Amino acid sequence: MNSNDQKPTLENLFQSKRYDVPSEEFWDDLQDQVKGRALASLARPSFFSKCVKSSIFILPVILAFAFFSKIVSSDNSEVVNSSEI
Numbered sequence: 014m015n016s017n018d019q020k021p022t023l024e025n026l027f028q029s030k031r032y033d034v035p036s037e038e039f040w041d042d043l044q045d046q047v048k049g050r051a052l053a054s055l056a057r058p059s060f061f062s063k064c065v066k067s068s069i070f071i072l073p074v075i076l077a078f079a080f081f082s083k084i085v086s087s088d089n090s091e092v093v094n095s096s097e098i
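Each number in our numbering corresponds to the 1-based position in the sequence shown with 13 added.
Laid out in C-alpha cells, this is it:
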C-alpha cells in the first residue's frame, strides 16, 4: 500500500483552512496581546534617552576634570616661570 494515497494534497489543505475561522476568544486575546506590547514599547526607554541621561551625569565629571587639570597645568607653568627668574 502506498502512503501517498492517504495523504491530502497541499491544495486540499489550503481549501480546508479557508473555512477555519478563529473564535472570538482568540481575537480578544490577540487584541490584548497587541495592546500590551504597544504599551510596553512606549514604557521602555529608548537608546537615545539612555544616552542623554548618562551624559547628564558624566558631563559634570568631565568638565570638573578639565577645569582641575587646567588649574594644575597653569600652576606647574607658574612654578617653571618662577624658577627661571
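Beta carbons are placed, not taken as given, at the ideal position from N, Cα and C, and that holds for glycine. In this text the structure is predicted, and so the values were computed from the model without any measurement.
ask   = Is the beta carbon of P35 less than 9 Å from the beta carbon of S29?
value = On the sequence shown, position 22 is the one that residue 35 refers to. On the sequence shown, position 16 is the one that residue 29 refers to. Contact flag unset, no.
query = From which residue to which residue does the alpha helix (DSSP H) around S36 run?
reply = Reading the sequence shown from its first residue, position 23 is the one you call residue 36. Annotation: S36 is outside any alpha helix (DSSP H) and is labelled neither H nor E by DSSP.
request  = Compare the beta carbon distance of K66 and P58 with 9 Å and say whether it is the shorter of the two.
outcome  = In the sequence shown, counting from the first residue as 1, residue 66 sits at position 53. In the sequence shown, counting from the first residue as 1, residue 58 sits at position 45. Yes, Cβ-Cβ distance for K66 and P58 is below 9 Å.
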